[in-house]
Every structure is written in structure tokens, then in C-alpha cells.
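Those letters in the sequence shown? Residues 443 to 1155, per the working numbering, in order. C-beta atoms are modelled at their ideal positions from N, C-alpha and C, and glycine is treated no differently. None of these values were measured; they are calculated from a predicted model.
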Amino acid sequence: MKQSVSDLNTLNGRYRPLQLLDDDEGLEEFQGFRTCDTEASGSLIDMETTSTPLARTLLERERMTSFLQSSWVFLLLLGALASITAWSIDAGVLIVSRLHQSFTALGEGWLREYLLYILFRVFILLLGVGCTVVVCPEAVGSGIPEMKSILGGFPLPNYLTGRALIAKCFGLVFALGSGLTIGKEGPFVHLSSIIARQLLNLPLFEQIRQSNDLTQHVLAAACAVGVTATFGAPVGGVLFSIEVTTSYYVTSNYWRAFFSSVVSVVVFRGLNSLLAGSHGSLFTTDFDALPYETCEIALFLLLAVICGVLAGLLARSYRVILDLKERSMVQFLLPLCGGLSPFIYAALVALLFSLVEYPVGRFMQLTQHQTINDMFSTKTLTAHEVSNTTHLSVDFGSSWTSPSLIMNLFTYVIVRFWSMIISITVFVPSGIVTPVFAIGAVVGRLFGEMIVILSEGELSVGGYAVVGAASFTAGATGTISIAVIVFELTGQLSYMIPVLLCVIVGRAVTRSFSLDMYETMARQKNLPQWPDLTKQISYSLSAGDLMRDVPSFYLVRHQTLASIKHLLDVTSRGKKGKVVDVFPVIDDVRTMIMLGVATREELESLVVLWELSLRSEKASNYTCVPVAGITAKQAIVLSNPATETSEVVDLVHLEVLSLEDEYIHVPRDTFASHLILLISVHKCPQLFVTHRGKLQGVIHAADLLARSRRYKL
């Protein structure tokens, strides 16, 4: 017999039913029915009829919709919007800085200029604090440690909202414009991530938003875009973002990060070229093809050791200053000033460094970009012809040699070292890479100038500045990819070998006695992040060495419903307010064979169904409960009033319990490195340890994190 079903088989612009035959009579007609690209829309269009105008229009519309909803369009918009935002912030900072210079110039005489200089810095910084604290307190700080937590699967409330975007933008403009020694790479990473999150709210990208994996991928790409927008270095930006925001990276996400980063740098440089007339690399260098002697490698390594030690001291000093700030806020400012304490603290910081920096010398008023360019100069700054072509001489009519080059460089390092540490504790958006890079460049330049004085020879001291900037930044941030960023920033590979060597040495020296700045910030803020193995000996540890004893909240296969209710009640009031959500199910107390895992939600559903069955007058009413997965036979058992205390229920036969191993169990001899991988990739809060199928213990991710923080992993 013939049966007809409605379908979208189109003929001459009309719809007609497609006949399905029991024999082969209509086989040829059926084989002509095809589907076009249904991956995005799921619609069915007869490809044989695409020659009609209506079908062709529908097909083209479907393809266009599918393209607009694709990751390519999303990443294109992300890169363009992030670079426009970054360029706008740079333009805003430039406007505020010029207003600062104009306002200072209104004073007649040195003392009045000094007072106006201080007044403007304090006022602008207070505006930045107001924009941040009042609009969205979550915008305070870097953003990179927080993004590492978010990419690790720990959502942070209000962190990727529109209010955070506004607070971050205006707070960063005023903070940089006030002259604080801060960077912008962390805030740009945060801003790019907010833009990505807000784009996902558009109906056009609903398919991406509904997938947790795709959402994580585009947020990871946004972090790379943020670093790229800071330096204009797409390759180094992607690598740097991977190092500082993830422990394990899905390499299939590479293309998303690179594509969006390339779009970002093209748009950013296009805006600079059209509106600012800027071209080429961020820092202009003209090193020779081989500007150093082989014997200088030893000097470069010595410089890397010095920079590594300074980077470690930077992180340790930051912890000390932050502790002092928190104690002073609690003991003095909060009782006296209340909600005004962030403003009072910011005003004190701005006043302190305004008083110090202005009298010290004009070189303290250079921007970080200008300072780095001066340090990268290929000739010594003591030469008269070079002194008259630096940013300092052009902008302020003075040279680095007045009164002494060595003294000026040493003073810059000391003042900027402490001003950066204190500046990033103010309640405004702040980054660390750019000031650290500038301080490292001055340290390297100082080292090179001293070598020139001692050796009375001719050296390319600008190369020492490049090596110092790279090694100091590598130690402070804990990254190796800063070497790639240096190559992209300078546009030259002349110092490739020294930079690569010194980046590794600088990071190793810092790591030998201190954490990097990002990890220090994460621990000070108590951010949730998956643990890493910090000691080589930890790789020989196994699950048996790290596990706790068998948890007391396991379930035996045969249970009474009363015991299940008691277990749920007891574990809802866990230690330190923690609720137990996962329960291992074992076959028998003697064998301890693990059968699977039951969640609190499943057990609560089971209890609810049992209570409903008790209120039923007739058990025969329960022919099937399809939602909960309980059959008629199981419903009859549950409807028995004696079941609660006396009758035993087999948990394995209850379909409401999936007993799936979503929470992974591992053998007792599994190495710690593999445990960390499972926890980080699968976002498992805990792992159950078994031996020959027997449950022997449990490993909590929080325990591993605590051991890592105590340097026992």
C-alpha cells in the first residue's frame, strides 16, 4: 500500500506530498530527495529543484545565514571591535596626557608648575577610581589571573558584563593618564573577553553560546586578541595568552586565536596609519646583522641572572606591599573614611609619586614607550649627537647625561620599581607587562653602559637593553613567549640567540625562589585555578600517595529509602558549609566494588517519586513514569508504605539513577601528572581511586590545589 507524508519537496514553486512506496516503484523519485547543508539550519531543500527562483532564494538565504552564524564572522567582529576599543583607549590616554602638559604649563615658575602637576595627577586618578569602584568593582586589577580562572571552568560573577566594560575603559584611561606606572595588557585581555561575551548574547551567535566548548574557545581567542592589541604582535600575543591564561590548551583552537589576532593587528595598524600617521614596528631599532661578539654571551647571561633576581624581588615586594596596604586599610582608613578609603589611598599614592618624580628629572616624565625607544638606541647615550635625538631631548630639551647618565638610569630603575608595585595596588584597572618591560630595558641599558665604561670599548648597548627587557619580563610574568614578542616589536632577529637564552635563564632564576606576578596575584585574590606540578619529584607521585581514605558518604547497592533520605540530609550540612553532591555506589561493604556514581539531584528525584507513590491510593496508577525512568514494577515497590524502613531497593535496577562515570575513577598507581591532566581538562572536582575495581579513596581537586600552594607538589 502507498503511504504519503508531508515534506518540503518543491515542484514549480508548490509543495506536494512525497509518496513512499512499499515496493521499488518510487525508488527513483525517493533517491532524488537530498538535503543541502543542514549542519547549521537543519532545513531540507530538494536539490533537484534549486533551478526555481523560490528554491534558489531559500538556498542562498540559508547559506548566508549559516555563514553569518559561523565562527569566522564572530572572530572577525571580535578582532575588529577589540582593536577599535584598544585604539580608542590609547587615544583617550593621549588626550589626557596632553591636557596634563597644558595644565602644568599654566603655572608661572617652577613651583607653580610643580603644584599644578601634582593637582592634575591626583584629580585624574580620583576620576579613575570613581569610574571603577562605583560602576563595577570587578574591573579593578589586571584581568589575566581572573581569565585563567574563567577558562578553567570557574565562573566569576559580574566579571564579563557591560558594566565591567565601561568601568574598565574609563578607569584605564584615567589611570594611565594620571601617570601611574601601570600597563594595559591585562585590562585589554579583560576587555576583549567582555566583548566576546557580549557578542555571544546576540541572537546571531546563539549556536556558539549554547556550546560550552565553543564559548571557552572564543574566550581563549579573545585573550590572545587582547595581548595582540597591546603590542601589535599577533604571534607572540597568541603564545603569551596561552602561557598566562591556560594550563592545557586545545591546539585545534589555534586557528581561532591567530585569525582574530591578525584581524585585530590589521585594524589597529590601519587606524594608526590613517588617523595617527604611525607606521612600522612599535619600537624602531637598526641593529647590525650580528651586533655582538660570541664572548658577550657570558655578559648577557649575567644580565639575565640579575634581571631574574630583580623579578623575584618584584613579586615578593608586591606581596609585602599588598599585605601592608590591606592592614592599613582595615586598621586606619576604613574606620576613619569608610567607603571613601579607596579614594584616600589613591590620592596618597598619586601625591607620593608626584612629589618624587617631578623634581628628580625630566626623564621621569617620559612615557614608557618613549623610555623604551631611548633605551633601544644603538649608540651610547653619552654621545652628544645621540643625546640630541632622544625622546627626552626632543620633548623636554634635556639629555639623559644631565647630570649623570648612570645616576639617571639607576634612579629611574629604583623609582619605577617601587612606583609600579604600589601603583598596581590602587583600585583601578592595571597591567604589569609594559612597565616591567621598560624597567628591564633600563636595567639592561645601565648594565651595557657600565660595561662600556669599564672596558673602554665599543659595544652595541642597545642590545643589552633588549635582552634586559626580555629577561626581566620573562621572570616577572613566567613566560617564554615574551622573546617572540620582542622580535615582533623590534622587527629584527639580530639578538635572537641571546634573547632566547636569557629569557629561559631569567625565568628559571625567578622561579627558583619566587612565584611570578600573575600567580602571586591569583593567590592573593584567592582565585580558583586548577593546580600545576611545581616540583620535578612530584611527577613520581601516584594517586595512592595523594588520595584521602574512602569517603563515609558512599552508597551500598541495596539501600532502604529511609537511609537514602538520611544520607541526603546529613551531607547537606557538610563541613565548612560544603554540600556533598556526588556519591560513589559500591556493590557491597565487604567487596567495595565500585559500580558507578549517583548525584544528589538523582537521589532527590528518587525520594520525591517515592513520596508521590505513597500518596497514591492505587499503585496500579503507576504504569510508567517516563520522565524519571521508573517502571511500573519499581513504582509498585516504592508505593509500599513499608518500603521506607524495611524494604530494600536495588539501586542498580532503578533507571532514575544513571550510575554513569562522569566523575572519573582512576587506578591507584596513576601518576600525579595524569591526575592533573584529568582534573584540568575534564573539570573534575574529584577523582575516585580504585584498585582492581575496589573503591580505595578519593582525590579532591581542592586538596591538590592546597598542596600546590604549600609547594608540596
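Pick out whichever of Val692, Val571, Gly595 and Val707 has its Cα sitting closest to the Cα of Leu520.
Translated into the one-based positions of the sequence shown, residue 520 becomes position 78. Here the closest residue by C-alpha is Val707.
State the Cα-Cα distance for the pair Phe795 and Ile874, rounded to the nearest angstrom.
Reading the sequence shown from its first residue, position 353 is the one you call residue 795. Reading the sequence shown from its first residue, position 432 is the one you call residue 874. In a straight line, the C-alpha of Phe795 is about 18 Å away from that of Ile874.
What is the rounded straight-line gap between the Cα of Ser408 and the Cα of Ile748?
Nothing about residue 408 can be read from this structure; the chain reaches only from 443 to 1155.
So what's Thr921 in DSSP terms, helix, strand or just coil?
Locating residue 921 in the sequence shown gives position 479, where the first residue counts as 1. Residue state, collapsed to three classes: coil.
Less than 8 Å between the beta carbons of Phe1113 and Tyr981, yes or no?
The count along the sequence shown starts at 1 and reaches residue 1113 at position 671. The count along the sequence shown starts at 1 and reaches residue 981 at position 539. Their beta carbons are under 8 Å apart, which means Phe1113 touches Tyr981 by this criterion.
So, do the segment 886–901 and the segment 800–814 have three or more beta carbon pairs nearer to each other than 8 Å?
With a cut-off of 8 Å, the segment 800–814 and the segment 886–901 do not count as touching, because too few Cβ pairs lie within range.
Between Ile620 and His542, what straight-line distance do the alpha-carbon atoms span, to the nearest angstrom?
Here the question's residue 620 lines up with position 178 in the sequence shown. Here the question's residue 542 lines up with position 100 in the sequence shown. According to the sequence displayed, residue 620 carries Ser and not Ile. The alpha-carbon atoms of Ser620 and His542 are separated by roughly 8 Å.
Within the continuous beta strand (DSSP E) that includes Arg1132, where are the two ends?
The residue given as residue 1132 occupies position 690 in the sequence shown. The question names Arg, but residue 1132 is Thr in the sequence shown. Here the beta strand (DSSP E) through Thr1132 covers Gln1128 to His1133.
Relative to the C-alpha of Trp697, which candidate in Val660, Val1021 and Tyr787 has its C-alpha closest?
Position 255 of the sequence shown, counted from the first residue, corresponds to residue 697. Ranking the options by Cα distance to Trp697, first place goes to Val660.
Whose C-alpha, out of Ser1014, Arg1134, Gln966 and Phe725, is nearest the C-alpha of Arg758?
On the sequence shown, residue 758 is found 316 positions in, with the first residue counted as 1. Minimum Cα distance to Arg758 is reached at Gln966.
State yes or no: is the C-beta of Cys944 within less than 8 Å of the C-beta of Val909?
Against the sequence shown, residue 944 aligns to sequence position 502. Against the sequence shown, residue 909 aligns to sequence position 467. Contact: yes.
By the DSSP assignment, the beta strand (DSSP E) with Lys967 in it spans what residues?
By one-based count along the sequence shown, residue 967 stands at place 525. Element bounds for Lys967: n/a, residue is neither H nor E.
Given a cut-off of 8 Å on the beta-carbon distance, is the pair Phe710 and Trp514 in contact?
Walking along the sequence shown from the start, residue 710 turns up at place 268. Walking along the sequence shown from the start, residue 514 turns up at place 72. In this structure, Trp514 does not lie closer than 8 Å to Phe710 by Cβ.
Between Lys610 and Pro597, is the Cβ-Cβ spacing less than 8 Å?
Taking the sequence shown and counting its residues from 1, one reaches residue 610 at position 168. Taking the sequence shown and counting its residues from 1, one reaches residue 597 at position 155. Taking 8 Å as the Cβ cut-off, Lys610 and Pro597 do not qualify as a contacting pair.
Is Met1034 helix, strand or coil when you go by DSSP?
Here residue 1034 is taken as the residue at index 592 of the sequence shown, counted from 1. Looking at Met1034 - three-state DSSP - the assignment turns out to be coil, as it is neither helix nor strand.
Tell me the rounded alpha-carbon separation between Ala581 and Leu641.
Taking the first residue of the sequence shown as position 1, residue 581 is located at position 139. Taking the first residue of the sequence shown as position 1, residue 641 is located at position 199. Computed Cα separation, rounded: 19 Å.
Three or more C-beta pairs closer than 8 Å, one from the segment 909–924 and one from the segment 651–666: is that the case here?
With a cut-off of 8 Å, the segment 651–666 and the segment 909–924 do not count as touching, because too few Cβ pairs lie within range.
Over what stretch of residues does the beta strand (DSSP E) that includes Pro845 continue unbroken?
Taking the sequence shown and counting its residues from 1, the one referred to as residue 845 is at position 403. Note, Pro845: premise wrong, no beta strand (DSSP E); not H, not E.
With a threshold of 8 Å between beta-carbons, can Gly781 be considered close to chain C, or not?
In the structure shown, chain C cannot be found, because there is only a single protein chain.
Would you report the Cα separation of Leu633 and Asp1111, rounded to the nearest angstrom?
What you label residue 633 is simply residue 191 of the sequence shown in a count that begins at 1. What you label residue 1111 is simply residue 669 of the sequence shown in a count that begins at 1. Their backbone Cα atoms lie some 44 Å apart in a straight line.
Report yes if the CB atom of Cys573 is closer than 8 Å to the CB atom of Phe516, and no otherwise.
Position 131 of the sequence shown, counting from 1, holds the residue named residue 573. Position 74 of the sequence shown, counting from 1, holds the residue named residue 516. Cβ distance not < 8 Å, so Cys573 and Phe516 don't count as in contact.
Does DSSP put Thr657 in a helix, a strand or coil?
In the sequence shown, the residue the question calls residue 657 occupies position 215. Looking at Thr657 - three-state DSSP - the assignment turns out to be helix.
Exposed or buried, which one is Trp972 when buried takes at least 16 other CB atoms within 10 Å?
The sequence position of residue 972 within the sequence shown is 530, counting from 1. By the neighbour-count rule (16 or more Cβ atoms within 10 Å), Trp972 is buried.
What first and last residue would you give for the alpha helix (DSSP H) that runs through Gly948?
Position 506 of the sequence shown, counting from 1, holds the residue named residue 948. Taken as a continuous stretch (DSSP letters only), the alpha helix (DSSP H) holding Gly948 covers Met938 to Phe955.
I'd like to check one pair, Leu622 with Val868: are the Cβ atoms closer than 8 Å?
One-based indexing of the sequence shown puts residue 868 at position 426. One-based indexing of the sequence shown puts residue 622 at position 180. Cβ atoms of Val868 and Leu622: closer than 8 Å.
Just verifying my parser: in three-state terms, what is the DSSP assignment at Pro597?
In the sequence shown, the residue the question calls residue 597 occupies position 155. Three-state result, Pro597: coil.
How many Å lie between Gln773 and Cys779 at the Cα?
In the sequence shown, counting from the first residue as 1, residue 773 sits at position 331. In the sequence shown, counting from the first residue as 1, residue 779 sits at position 337. Roughly 11 Å between the two C-alpha positions.
Measuring only the C-alpha atoms, how far is Leu1146 from Asn968?
One-based indexing of the sequence shown puts residue 1146 at position 704. One-based indexing of the sequence shown puts residue 968 at position 526. Each residue's alpha carbon lies about 15 Å from the other.
Using the rule of at least 16 other Cβ atoms within 10 Å of the residue's Cβ for burial, across every protein chain shown, is Gln692 buried or exposed?
Taking the sequence shown and counting its residues from 1, the one referred to as residue 692 is at position 250. Reading off the sequence shown, one finds Val at residue 692, where the question assumed Gln. Counting Cβ neighbours within 10 Å, Val692 comes out exposed, since fewer than 16 surround it.
Quick one: what's got a C-beta closer than 8 Å to Ser923's C-beta in the same chain, skipping five residues either side?
Taking the sequence shown and counting its residues from 1, the one referred to as residue 923 is at position 481. Here the set comprises Gly678, Leu681, Phe682, Ile684 and Glu685.
Which residues does DSSP list as the beta-bridge partners of Thr1041?
The residue given as residue 1041 occupies position 599 in the sequence shown. BP columns for Thr1041 point to Val1024.
May I ask you to report which of helix, strand or coil DSSP gives Ile997?
In the sequence shown, residue 997 corresponds to position 555, counting from 1. Checking the displayed sequence, the identity of residue 997 turns out to be Leu instead of Ile. Correct three-state label for Leu997: strand.
Tell me which residue opens and which closes the alpha helix (DSSP H) that His1116 is part of.
Indexing the sequence shown from 1 puts residue 1116 at position 674. Here the alpha helix (DSSP H) through His1116 covers Ala1114 to His1124.
Between the C-alpha atoms of Leu957 and Ile608, what's the straight-line distance to the nearest angstrom?
Counted from its first residue, the sequence shown places residue 957 at position 515. Counted from its first residue, the sequence shown places residue 608 at position 166. Their backbone Cα atoms lie some 32 Å apart in a straight line.
Can you grab the Cα-Cα spacing for the pair Gly604 / Leu1119, in whole Å?
Indexing the sequence shown from 1 puts residue 604 at position 162. Indexing the sequence shown from 1 puts residue 1119 at position 677. Cα-Cα distance, rounded: 34 Å.
May I have the straight-line CA-CA distance separating Glu898 from Glu891, to the nearest angstrom?
Position 456 of the sequence shown holds residue 898. Position 449 of the sequence shown holds residue 891. Those two C-alpha atoms are separated by around 10 Å.
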